[in-house]
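Protein chains in written order, with our numbering: chain W, 1 to 439; chain A, 1 to 439. Yeah, the Cβ is synthetic: ideal placement off N, Cα and C, and Gly gets one too.
Number of protein chains: 2
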Amino acid sequence: MLEEIASASARPLDPGSPLSLDTECSGDGPGRAAVDFPVAVVLPAGGSGERMGLPTPKQFCTILNRPLISYTIQAFERLSWIGTVVVVVAKENHDLMLNIVREFHHTKVKVVHGGTSRHRSIFNGLQAFSNNIDDSLTPKPKVVIIHDAVRPFVEEDLLLKITLAAKAEGASGAIRPLVSTVIATTLEGYLDHSLERAKYRASEMPQGFLYDIIFQAYQRCSEYDFDFGTECLHLALQYCGTNAKLIEGPPTLWKVTYKRDLAAAEAIIKETLSTSACVITEAAAEAVELAGTLQKNLTTQGMVVTDVIPCAKESYTDCLSKSRSFIQIAVNGSNISGVLEMVKHFENTRHAHLYPIVVVWVKLNTTKRSFDTQKTDELTTFMRLASEVKQANVQLYGIQIDHTKVSELWERSAARLADITVALIRDRNPALIGQLLQA
Amino acid sequence: MLEEIASASARPLDPGSPLSLDTECSGDGPGRAAVDFPVAVVLPAGGSGERMGLPTPKQFCTILNRPLISYTIQAFERLSWIGTVVVVVAKENHDLMLNIVREFHHTKVKVVHGGTSRHRSIFNGLQAFSNNIDDSLTPKPKVVIIHDAVRPFVEEDLLLKITLAAKAEGASGAIRPLVSTVIATTLEGYLDHSLERAKYRASEMPQGFLYDIIFQAYQRCSEYDFDFGTECLHLALQYCGTNAKLIEGPPTLWKVTYKRDLAAAEAIIKETLSTSACVITEAAAEAVELAGTLQKNLTTQGMVVTDVIPCAKESYTDCLSKSRSFIQIAVNGSNISGVLEMVKHFENTRHAHLYPIVVVWVKLNTTKRSFDTQKTDELTTFMRLASEVKQANVQLYGIQIDHTKVSELWERSAARLADITVALIRDRNPALIGQLLQA
Numbered sequence: 001m002l003e004e005i006a007s008a009s010a011r012p013l014d015p016g017s018p019l020s021l022d023t024e025c026s027g028d029g030p031g032r033a034a035v036d037f038p039v040a041v042v043l044p045a046g047g048s049g050e051r052m053g054l055p056t057p058k059q060f061c062t063i064l065n066r067p068l069i070s071y072t073i074q075a076f077e078r079l080s081w082i083g084t085v086v087v088v089v090a091k092e093n094h095d096l097m098l099n100i101v102r103e104f105h106h107t108k109v110k111v112v113h114g115g116t117s118r119h120r121s122i123f124n125g126l127q128a129f130s131n132n133i134d135d136s137l138t139p140k141p142k143v144v145i146i147h148d149a150v151r152p153f154v155e156e157d158l159l160l161k162i163t164l165a166a167k168a169e170g171a172s173g174a175i176r177p178l179v180s181t182v183i184a185t186t187l188e189g190y191l192d193h194s195l196e197r198a199k200y201r202a203s204e205m206p207q208g209f210l211y212d213i214i215f216q217a218y219q220r221c222s223e224y225d226f227d228f229g230t231e232c233l234h235l236a237l238q239y240c241g242t243n244a245k246l247i248e249g250p251p252t253l254w255k256v257t258y259k260r261d262l263a264a265a266e267a268i269i270k271e272t273l274s275t276s277a278c279v280i281t282e283a284a285a286e287a288v289e290l291a292g293t294l295q296k297n298l299t300t301q302g303m304v305v306t307d308v309i310p311c312a313k314e315s316y317t318d319c320l321s322k323s324r325s326f327i328q329i330a331v332n333g334s335n336i337s338g339v340l341e342m343v344k345h346f347e348n349t350r351h352a353h354l355y356p357i358v359v360v361w362v363k364l365n366t367t368k369r370s371f372d373t374q375k376t377d378e379l380t381t382f383m384r385l386a387s388e389v390k391q392a393n394v395q396l397y398g399i400q401i402d403h404t405k406v407s408e409l410w411e412r413s414a415a416r417l418a419d420i421t422v423a424l425i426r427d428r429n430p431a432l433i434g435q436l437l438q439a
Numbered sequence: 001m002l003e004e005i006a007s008a009s010a011r012p013l014d015p016g017s018p019l020s021l022d023t024e025c026s027g028d029g030p031g032r033a034a035v036d037f038p039v040a041v042v043l044p045a046g047g048s049g050e051r052m053g054l055p056t057p058k059q060f061c062t063i064l065n066r067p068l069i070s071y072t073i074q075a076f077e078r079l080s081w082i083g084t085v086v087v088v089v090a091k092e093n094h095d096l097m098l099n100i101v102r103e104f105h106h107t108k109v110k111v112v113h114g115g116t117s118r119h120r121s122i123f124n125g126l127q128a129f130s131n132n133i134d135d136s137l138t139p140k141p142k143v144v145i146i147h148d149a150v151r152p153f154v155e156e157d158l159l160l161k162i163t164l165a166a167k168a169e170g171a172s173g174a175i176r177p178l179v180s181t182v183i184a185t186t187l188e189g190y191l192d193h194s195l196e197r198a199k200y201r202a203s204e205m206p207q208g209f210l211y212d213i214i215f216q217a218y219q220r221c222s223e224y225d226f227d228f229g230t231e232c233l234h235l236a237l238q239y240c241g242t243n244a245k246l247i248e249g250p251p252t253l254w255k256v257t258y259k260r261d262l263a264a265a266e267a268i269i270k271e272t273l274s275t276s277a278c279v280i281t282e283a284a285a286e287a288v289e290l291a292g293t294l295q296k297n298l299t300t301q302g303m304v305v306t307d308v309i310p311c312a313k314e315s316y317t318d319c320l321s322k323s324r325s326f327i328q329i330a331v332n333g334s335n336i337s338g339v340l341e342m343v344k345h346f347e348n349t350r351h352a353h354l355y356p357i358v359v360v361w362v363k364l365n366t367t368k369r370s371f372d373t374q375k376t377d378e379l380t381t382f383m384r385l386a387s388e389v390k391q392a393n394v395q396l397y398g399i400q401i402d403h404t405k406v407s408e409l410w411e412r413s414a415a416r417l418a419d420i421t422v423a424l425i426r427d428r429n430p431a432l433i434g435q436l437l438q439a
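If you want it as structure tokens, here you go:
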């Protein structure tokens with residue numbers, strides 16, 4: 001089984017997935033029943049991203065026009081059993097962070113300033129709960145989860161295990177098998193010895209702690225720890241005698257460290273958004289037939305067609321919340337206003353708030369050359385419409401297909417229609433918005 | 001500095017880069033002068049890819065229609081100072097591997113069968129040199145480099161360091177800083193202790209050995225080593241007393257392990273192929289002006305325009321080997337045969353052998369509506385041409401732009417032309433081949 005994608009995308013409707021289509025707080029996920037105590041999050045995001053070698057720290061790099069850290073925040077915010085998310089940023093990024101909170105409608109975030117090292121930043125984050133006893137946004141939690149801003153794909157299932165283990169044992173942390181052998185080096189740069197891989201693990205994030213334990217550990221730790229330490233689990237052990245419970249996490253926990261990791265994260269997000277599509281069709285026989293063929297061809301390419309619905313049907317708006325990709329079939333370019341109706345609906349339901357929605361408008365030409373004579377005007381109208389709905393985070397693309405009774409030609413066109421549709425939905429390429437392609 | 005991309009893509013013309021445009025053997029790289037002894041490579045590729053969770057083992061997964069292992073082979077094959085590359089594959093993949101060798105014209109490869117573990121496969125690879133003393137393809141090397149089939153971005157610079165250190169010290173290996181803290185766990189799954197990160201390194205590939213040392217180490221090692229060991233450096237130390245010299249490698253050395261890593265590798269390859277483009281233009285004043293504007297706009301988007309050349313110029317074919325992306329500007333759709341000439345040239349020079357070439361055909365319309373009246377025929381011709389040259393590994397896309405004296409409109413169109421051109425070149429999306437987009 002696709003180990004990584006299985007956890008991030010094969011279950012697009014699993015409310016436990018941070019990329020789930022259900023972007024509202026999950027009221028009835030498994031966590032709500034199991035967690036009857038206050039849980040908060042500290043998200044150190046003070047890094048400068050020097051390893052990435054980019055002018056923008058990696059947590060602020062964008063994927064589909066949205067900063068990475070917003071994805072990570074959302075992974076927590078959508079869980080009803082998680083309270084405040086304290087985001088710790090460098091002072092110079094304070095305003096940037098507030099803008100992100102505003103633009104992406106984050107509601108549980110409190111922004112505090114970081115220190116000169118990772119441990120100092122985390123300590124600052126923890127202090128937000130002890131300083132402001134009266135602050136309703138930051139009551140002292142029973143368990144605090146510490147995570148990295150650059151690990152956006154953390155799932156409810158793991159967060160729940162980490163939280164419950166922290167409550168029971170005082171501390172807990174996610175681990176992964178080592179990918180490479182770890183070796184000790186001599187001072188001169190030679191191999192001293194290699195570690196037996198099976199006995200060791202990579203310590204990852206998230207980690208969970210009883211708030212009182214980790215806060216005490218930070219209060220007791222040395223300047224050396226503050227400046228050079230990196231491992232919270234180590235502090236809990238050294239200063240409070242708490243051996244953390246270790247929990248194996250999925251590979252999607254990996255940390256976005258290099259520029260290539262951004263490409264990988266983008267690929268995961270795009271794949272997740274593109275697992276399904278909804279086909280909306282006019283009632284004309286040719287359109288319905290094309291919808292059926294398209295459904296078959298999309299399925300062959302691994303895309304689930306959630307619904308094939310007539311656009312006239314009263315209840316069709318119910319289906320609009322089930323996917324983030326739509327294919328609208330219009331005969332001879334009629335009903336382009338249907339796109340506007342959909343977009344209005346998305347705005348009302350805030351469905352395009354966090355992720356762009358793709359609409360592929362398929363123009364089925366049944367009369368020859370109807371297009372040519374009015375081509376320029378029609379294309380201009382379409383491009384203008386596309387650039388208009390782009391403001392609402394909807395990406396509109398067009399494909400025209402000429403109806404023919406020559407079955408060989410028709411099959412080839414229908415296959416190409418599916419190829420182009422899948423490519424447009426998977427790539428979500430902004431440079432191609434408003435284009436009218438030919439199947 | 002873009003740490004990773006700097007090593008993989010910012011120097012596209014560096015003959016030391018495995019993605020260099022110089023796909024022939026590099027006759028005058030730094031290695032040729034420094035290495036005056038025989039060097040060979042063993043590439044264990046017997047893995048089943050279970051971590052990736054794909055039906056195809058990851059070394060055979062394709063990027064731009066070419067299996068990952070072919071990129072890795074090419075990284076060695078192009079260096080004149082490296083002799084045979086012994087590829088060790090599972091028996092069931094023997095024919096697949098021979099097909100890859102044939103299709104991508106690999107000339108230094110010898111395929112041998114793997115064993116039941118990584119160490120057994122490497123030993124089989126090493127035996128290829130000792131068994132066949134008379135085989136001219138596998139003379140016994142002085143130094144043997146062992147690498148992973150799934151680390152395609154290894155550069156000449158590092159290979160040279162590894163080779164020379166192996167010659168001098170008997171063994172050498174690439175290392176990287178640890179990304180995560182390494183921890184020891186108790187049998188019950190609790191934290192035992194964490195290692196001080198600064199004292200340890202991740203052991204990566206390539207590794208280099210005096211052939212006699214590593215072969216002896218394998219002859220002496222135990223069944224337990226064969227079945228459960230993973231680290232060649234460890235065998236050289238334990239059985240021959242050779243402490244390997246450790247050399248820090250770049251982050252691009254990482255091992256393609258998960259499905260997301262394939263997306264990352266694809267992004268690196270595409271970025272490398274898209275750093276530069278060559279603009280070929282007709283002599284008409286409007287075309288030359290557009291070429292200049294396009295050059296400016298592409299540069300703003302980070303693409304280097306290597307040349308802007310008139311297609312009539314006799315020496316223009318000299319420029320065709322300098323890039324893998326071309327933009328041809330034609331007034332009112334004339335000179336579409338120029339594309340065919342280019343493709344013929346690529347076939348003669350084998351320029352599209354290893355990587356697809358992108359040609360963006362820009363149709364500059366100076367007379368209004370000239371397009372509409374003959375639209376269907378022209379588009380059909382263009383699509384047919386595109387599907388024809390695709391056989392030669394050339395991806396042909398079209399963009400039309402309507403000339404106007406209204407400077408605001410013209411600037412917007414020119415900007416969109418650059419946006420679309422960059423998107424087409426960077427994405428190399430096969431589903432869009434033969435489309436005629438509108439700037």
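ask   = Taking Cβ to Cβ, would you say W:Ile401 is nearer than 7 Å to W:Ser387?
value = Position 401 of the first sequence, counted from the start, is the residue given in the question as residue 401 of chain W. Position 387 of the first sequence, counted from the start, is the residue given in the question as residue 387 of chain W. Here W:Ile401 is not near W:Ser387, since their CB atoms are 7 Å or more apart.
Length-filtered (3 minimum) beta strand (DSSP E) runs lying within the region 124-190 of chain A = 143-146, 171-176 and 181-185
Host beta strand (DSSP E) of W:Trp81 (start-end) = Position 81 of the first sequence holds residue 81 of chain W. Neither: W:Trp81 is in no beta strand (DSSP E) and is coded neither H nor E.
request  = Please decide whether W:Gly189 counts as near chain A, where near means a Cβ-Cβ distance under 7 Å.
outcome  = Within the first sequence, residue 189 of chain W is the residue found at index 189, counting from 1. True, the Cβ-Cβ gap to chain A drops below 7 Å.
query = Which one of W:Gln207, W:Cys240 and W:Val144 has the shortest CA to CA distance from W:Ser130?
reply = One-based indexing of the first sequence puts residue 130 of chain W at position 130. It is W:Val144.
query = Name the chain A residues that come within less than 7 Å of W:Asn332, Cβ to Cβ?
reply = Counting from one through the first sequence, the residue named residue 332 of chain W turns up at place 332. Neighbours of W:Asn332 on chain A: none; closest Cβ ~16 Å, over 7 Å.
inquiry  = Would you call the region 110-127 of chain W in contact with the region 88-98 of chain W, where contact means no fewer than 3 C-beta pairs closer than 8 Å?
reply    = yes
query = Any contact of the region 154-174 of chain A with the region 195-214 of chain W, i.e. 3+ C-beta pairs under 8 Å?
reply = no
query = Around the Cβ of A:Glu24, are there at least 16 other Cβ atoms within 10 angstroms (buried) or fewer (exposed)?
reply = Locating residue 24 of chain A in the second sequence gives position 24, counting from the first residue. Since pLDDT at A:Glu24 reaches only 46, below the 50 mark, its modelled position is unreliable, and the value read off the structure follows with that caveat. Only exposed fits A:Glu24, as fewer than 16 other CB atoms lie within 10 angstroms of its CB.
request  = Give the interface partners of W:Pro251 over in chain A, defined as CB-CB distance under 7 Å, in chain order.
outcome  = Translated into the one-based positions of the first sequence, residue 251 of chain W becomes position 251. Residues of chain A passing the Cβ test: Tyr258.
Amino acids of chain A, ordered along the chain, whose beta-carbon sits closer than 8 Å to that of W:Tyr200 = The sequence position of residue 200 of chain W within the first sequence is 200, counting from 1. Neighbours of W:Tyr200 on chain A, chain order: Val182, Ile183, Ala184, Thr185 and Leu195.
C-alpha distance - W:Glu347 paired with W:Gln395, whole-angstrom precision = On the first sequence, position 347 is the one that residue 347 of chain W refers to. On the first sequence, position 395 is the one that residue 395 of chain W refers to. Put simply, the backbone Cα of W:Glu347 is about 14 Å away from that of W:Gln395.
request  = Counting only the same chain and skipping the five closest in sequence on each side, list residues whose C-beta sits under 7 Å from that of W:Tyr218.
outcome  = Mapped onto the first sequence, residue 218 of chain W falls at position 218. Closer than 7 Å at Cβ, skipping near neighbours: Phe123, Leu126 and Leu235.
request  = Use the C-beta contact count for A:Asn93: other C-beta atoms within 10 angstroms, 16 or more gives buried, fewer gives exposed.
outcome  = As a first step, residue 93 of chain A must be located in the second sequence, where it is residue number 93. It is buried - the Cβ of A:Asn93 has at least 16 other Cβ atoms within 10 Å.
task = Could you check which residue in A:Leu96, A:Arg151 and A:Pro55 has the C-alpha nearest to that of A:Gln74?
result = The residue you call residue 74 of chain A lines up with position 74 of the second sequence. Considering only alpha carbons, the answer is A:Arg151.
key: Whole-angstrom C-beta distance between W:Gly338 and W:Lys363, which should lie under 8 Å   = Within the first sequence, residue 363 of chain W is the residue found at index 363, counting from 1. Within the first sequence, residue 338 of chain W is the residue found at index 338, counting from 1. Wrong, their Cβ atoms sit about 12 Å apart, outside the cutoff.
message = Taking the beta carbon of A:Thr107 as the centre, do at least 16 other beta carbons fall within 10 Å, making it buried, or is it exposed?
response = Along the second sequence, read from residue 1 onward, the residue named residue 107 of chain A stands at position 107. Looking at its Cβ environment, which holds fewer than 16 other Cβ atoms inside 10 Å, A:Thr107 is exposed.
query = Counting pairs of beta carbons, one from the region 278-290 of chain W and one from the region 321-330 of chain W, are three or more of them closer than 8 Å?
reply = yes
task = With DSSP as the reference, label W:Cys240 as helix, strand or coil.
result = The residue given as residue 240 of chain W occupies position 240 in the first sequence. DSSP places W:Cys240 in helix when its eight states are reduced to three.
message = Could you tell me the alpha carbon to alpha carbon distance between A:Thr300 and A:Thr381, rounded to whole angstroms?
response = Within the second sequence, the letter at position 300 stands for residue 300 of chain A. Within the second sequence, the letter at position 381 stands for residue 381 of chain A. If I take the Cα positions, the gap works out to 33 Å.
task = Compute the distance between the beta-carbons of W:Lys142 and W:Pro38, then report whether it is under 7 Å.
result = As a first step, residue 142 of chain W must be located in the first sequence, where it is residue number 142. As a first step, residue 38 of chain W must be located in the first sequence, where it is residue number 38. Taking 7 Å as the Cβ cut-off, W:Lys142 and W:Pro38 qualify as a contacting pair.
inquiry  = For a test of the three-state rule: what should DSSP assign to W:His113, helix, strand or coil?
reply    = By one-based count along the first sequence, residue 113 of chain W stands at place 113. DSSP places W:His113 in strand when its eight states are reduced to three.
query = What residue range is occupied by the uninterrupted alpha helix (DSSP H) comprising W:Ala33?
reply = The residue given as residue 33 of chain W occupies position 33 in the first sequence. Run containing W:Ala33: Pro30 to Ala34, per the alpha helix (DSSP H) assignment.
query = What is the DSSP secondary structure of W:Cys278, reduced to helix, strand or coil?
reply = Mapped onto the first sequence, residue 278 of chain W falls at position 278. W:Cys278 falls in the strand class under three-state DSSP.
inquiry  = Assuming A:Glu440 is part of the alpha helix (DSSP H), what are its boundary residues?
reply    = The shown model of chain A, from 1 to 439, leaves out residue 440 of chain A, and the question about it has no answer.
ask   = What span of residues does the beta strand (DSSP E) with A:Gln219 cover, start to end?
value = Looking up residue 219 of chain A in the second sequence gives position 219. A:Gln219 -> not in any beta strand (DSSP E); alpha helix (DSSP H) instead, spanning Tyr211 to Arg220.
message = Less than 7 Å between the C-beta atoms of W:Met205 and W:Asp261, yes or no?
response = Indexing the first sequence from 1 puts residue 205 of chain W at position 205. Indexing the first sequence from 1 puts residue 261 of chain W at position 261. It is not a contact, given that the beta carbons lie outside the stated cut-off.
Start-to-end residues for the beta strand (DSSP E) that takes in A:Ile357 = Counting from one through the second sequence, the residue named residue 357 of chain A turns up at place 357. Start and end: Ile357 to Asn365.
inquiry  = Looking at the strands, I want to know which residues DSSP matches up with W:Leu437.
reply    = As a working mapping, residue 437 of chain W is identified with position 437 in the first sequence. Bridge partners of W:Leu437: W:Ile399.
query = Got a sec? Which residues, its chain only, sit under 7 Å from W:Ser370 by beta carbon, not counting five neighbours each side?
reply = Within the first sequence, the letter at position 370 stands for residue 370 of chain W. In this prediction, W:Ser370 scores a pLDDT of 48, lower than 50, which makes its location untrustworthy; the coordinate-derived value is nonetheless stated afterwards. Asn332, listed in sequence order.
Distance CB(W:Glu286)-CB(W:Thr366) smaller than 7 Å = Within the first sequence, numbered from 1, the residue matching residue 286 of chain W stands at position 286. Within the first sequence, numbered from 1, the residue matching residue 366 of chain W stands at position 366. In this structure, W:Thr366 lies closer than 7 Å to W:Glu286 by Cβ.
query = Relative to the alpha-carbon of A:Pro441, which residue among A:Asp318, A:Arg426 and A:Gln238 has its alpha-carbon at the smallest distance?
reply = Chain A is shown from 1 up to 439; residue 441 of chain A falls before or after that span and cannot be answered.
query = Among A:Lys390, A:His351 and A:Leu290, which residue has its Cα nearest to the Cα of A:Cys319?
reply = Here residue 319 of chain A refers to the residue found at position 319 when the second sequence is read from its first residue. For A:Cys319, the nearest C-alpha among the options comes from A:His351.
query = Is W:Thr349 helix, strand or coil by DSSP?
reply = Looking up residue 349 of chain W in the first sequence gives position 349. Three-state DSSP puts W:Thr349 in a helix.
Outcome for A:Leu290 when other beta-carbon atoms lying within 10 angstroms are tallied against a minimum of 16 = As a working note, residue 290 of chain A is residue 290 in the second sequence. Label assigned to A:Leu290: buried.
task = Give the DSSP bridge partners of A:Pro430, in chain order.
result = Here residue 430 of chain A refers to the residue found at position 430 when the second sequence is read from its first residue. In the DSSP assignment, A:Pro430 forms no beta bridge with any residue.
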